[in-house]
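Residue numbers (this note's numbering): 324 to 812.
The C-beta atom is built at its ideal place from N, Cα and C for all residues, glycine as well.
Source: prediction; values computed, not measured.
Okay, so here's the structure we're looking at.
If you want it as structure tokens, here you go:
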């Protein structure tokens, strides 16, 4: 009864803020503060209530992490940016201006948060979890062991290395990618990305083996350190800051799942990794965009550009505002609100993304290979958003937020239905997989990024789950050693 009353109250407060804003009884800035406080307060109470009911694996529960990453960081605490002094905001190219469209967006964010938690607590989510728990397929293929098959581990690392080097050679790796090469290689790039992900899967399996036992061998700890370093190195080479810190997060989450306590040393490791990523990758991106002769088809070329760009005097000066830059990159309120304004005032030109159609056809997009579907969409809505909505004609994908994407697809109703389905899937997969030991943990953590940081192109959410789930089941089956049958002699 308490949680039902809470959600009813939050709905009333959400629309009360909308009403007083529409009648100009409060300013846009006051409205943003009200929405932000309501969002953070509501999600805090939801998570605290869940903690009171269930603490097992609480910090890898998808709905808890999604509340933090998709909602609180992107549309909650980072909104403090818009109330900072103007001279401070100039460092990251923002203005201390709150628009009506930002509050319209926050309304959708509130509806999305409520819908996600309603979906998580729904009977549909619980039934999905029970179906997975009793699934014959999963009982046949899931491995409860926490011991790694050493040859399979080495093969996974080798395949990931070959895939990464090949992607670099073809000009389709990370931020160094060439747009024309990406279009030309659309038929096979997805398979190379899957092969590349075997590196993270190897790190995941090795971490489970190390932390599952009270005393891991020195060799296993050294091997874990080497694989962690390998993943961080290619995180830098990818030019994506998140790829630098994800390996640390993986190790931390596995430690928590096996030892049932948070490894606090991971937090400073992630923070330091993020600062290092900004110090190296931001200058590299500027150099890559400004240098017409950039050589992005070799490790040497990417590495030399990265080193020379980050060592320039200007890069050090920019490093002073790294914390502010991180905060501005986390926040999506203004950038996402531009899409709401565009949808309300502009008719999209011919050739614009079919937002609703891409969501409906997501299963087909996930399963049908491009060589069988010649006109399969390329899903470049982020590039379209940069050029058409933001008005900047550069090769760069802009995160519009899942709320803006769903608004393009069908307005507030699409936001509610979309995040209700997110909550259902979060509950079903969390309940259904956590009882399968080491194999279940590999599958769950392999899906965790998709389930917690909801993609700005929302159609990628169902597509990724349909693709990743069976691949992770196969990966854990191969990577983990099967329990040996007892001898009958």
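Backbone secondary structure at residue i - three-state DSSP
{"i": "residue 717", "result": "coil"}
{"i": "residue 593", "result": "helix"}
{"i": "residue 803", "result": "strand"}
{"i": "residue 796", "result": "helix"}
{"i": "residue 421", "result": "coil"}
{"i": "residue 738", "result": "helix"}
{"i": "residue 471", "result": "strand"}
{"i": "residue 695", "result": "coil"}
{"i": "residue 587", "result": "coil"}
{"i": "residue 702", "result": "coil"}
{"i": "residue 612", "result": "helix"}
{"i": "residue 379", "result": "coil"}
{"i": "residue 664", "result": "helix"}
{"i": "residue 523", "result": "helix"}
{"i": "residue 789", "result": "helix"}
{"i": "residue 723", "result": "coil"}
{"i": "residue 766", "result": "helix"}
{"i": "residue 538", "result": "coil"}
{"i": "residue 824", "result": "Because the chain here runs from 324 to 812, residue 824 falls outside it and cannot be looked at."}
{"i": "residue 778", "result": "coil"}
{"i": "residue 410", "result": "helix"}
{"i": "residue 758", "result": "coil"}
{"i": "residue 565", "result": "helix"}
{"i": "residue 438", "result": "helix"}
{"i": "residue 511", "result": "helix"}
{"i": "residue 655", "result": "coil"}
Environment of residue i [buried if 16+ CB atoms lie within 10 Å]
{"i": "residue 588", "result": "exposed"}
{"i": "residue 739", "result": "buried"}
{"i": "residue 410", "result": "exposed"}
{"i": "residue 725", "result": "buried"}
{"i": "residue 379", "result": "exposed"}
{"i": "residue 612", "result": "exposed"}
{"i": "residue 809", "result": "The pLDDT assigned to residue 809 is 38, lower than 50, so where the model puts this residue is not dependable, and the model offers no usable value."}
{"i": "residue 406", "result": "exposed"}
{"i": "residue 462", "result": "exposed"}
{"i": "residue 709", "result": "buried"}
{"i": "residue 545", "result": "exposed"}
{"i": "residue 492", "result": "exposed"}
{"i": "residue 616", "result": "exposed"}
{"i": "residue 854", "result": "This structure gives no information on residue 854, because the portion of the chain shown stretches from 324 to 812."}
{"i": "residue 758", "result": "exposed"}
{"i": "residue 514", "result": "exposed"}
{"i": "residue 765", "result": "buried"}
{"i": "residue 675", "result": "exposed"}
{"i": "residue 749", "result": "buried"}
Spatially closest choice to residue i from the options, by CA coordinates
{"i": "residue 796", "options": "688, 747, 524", "result": "524"}
{"i": "residue 535", "options": "486, 468, 511, 558", "result": "468"}
{"i": "residue 451", "options": "776, 782, 777, 745", "result": "745"}
{"i": "residue 620", "options": "329, 774, 560", "result": "560"}
{"i": "residue 747", "options": "328, 353, 385", "result": "385"}
{"i": "residue 586", "options": "366, 793, 382, 691", "result": "382"}
{"i": "residue 473", "options": "421, 427, 774, 530", "result": "530"}
{"i": "residue 686", "options": "770, 668, 479, 788", "result": "788"}
{"i": "residue 683", "options": "706, 418, 635, 733", "result": "733"}
{"i": "residue 563", "options": "784, 596, 604, 354", "result": "604"}
{"i": "residue 425", "options": "503, 362, 655", "result": "655"}
{"i": "residue 427", "options": "354, 457, 490", "result": "354"}
{"i": "residue 347", "options": "533, 422, 368", "result": "422"}
{"i": "residue 743", "options": "343, 442, 367, 362", "result": "442"}
C-beta atoms of residue i and residue j nearer than 9 Å
{"i": "residue 751", "j": "residue 446", "result": "no"}
{"i": "residue 440", "j": "residue 500", "result": "no"}
{"i": "residue 598", "j": "residue 629", "result": "no"}
{"i": "residue 646", "j": "residue 723", "result": "no"}
{"i": "residue 601", "j": "residue 648", "result": "yes"}
{"i": "residue 827", "j": "residue 477", "result": "Missing from the structure shown is residue 827; the chain here goes from 324 to 812 and no further."}
{"i": "residue 727", "j": "residue 679", "result": "no"}
{"i": "residue 465", "j": "residue 358", "result": "no"}
{"i": "residue 803", "j": "residue 772", "result": "no"}
{"i": "residue 701", "j": "residue 517", "result": "no"}
{"i": "residue 755", "j": "residue 456", "result": "yes"}
{"i": "residue 373", "j": "residue 356", "result": "no"}
{"i": "residue 431", "j": "residue 729", "result": "yes"}
{"i": "residue 741", "j": "residue 435", "result": "yes"}
{"i": "residue 362", "j": "residue 399", "result": "yes"}
Any non-hydrogen atom of the ligand FAD within 8 Å of residue i CB
{"i": "residue 670", "result": "Ligands are entirely absent from the displayed structure, and the ligand FAD is therefore not among its contents."}
Touch check for the region 565-581 and the region 532-552: three-plus C-beta pairs under 8 Å? The region 565-581 vs the region 532-552: in contact.
Is it true that the region 388-407 meets the region 778-787, where meeting means three or more beta-carbon pairs spaced less than 8 Å apart? Segments in contact, no.
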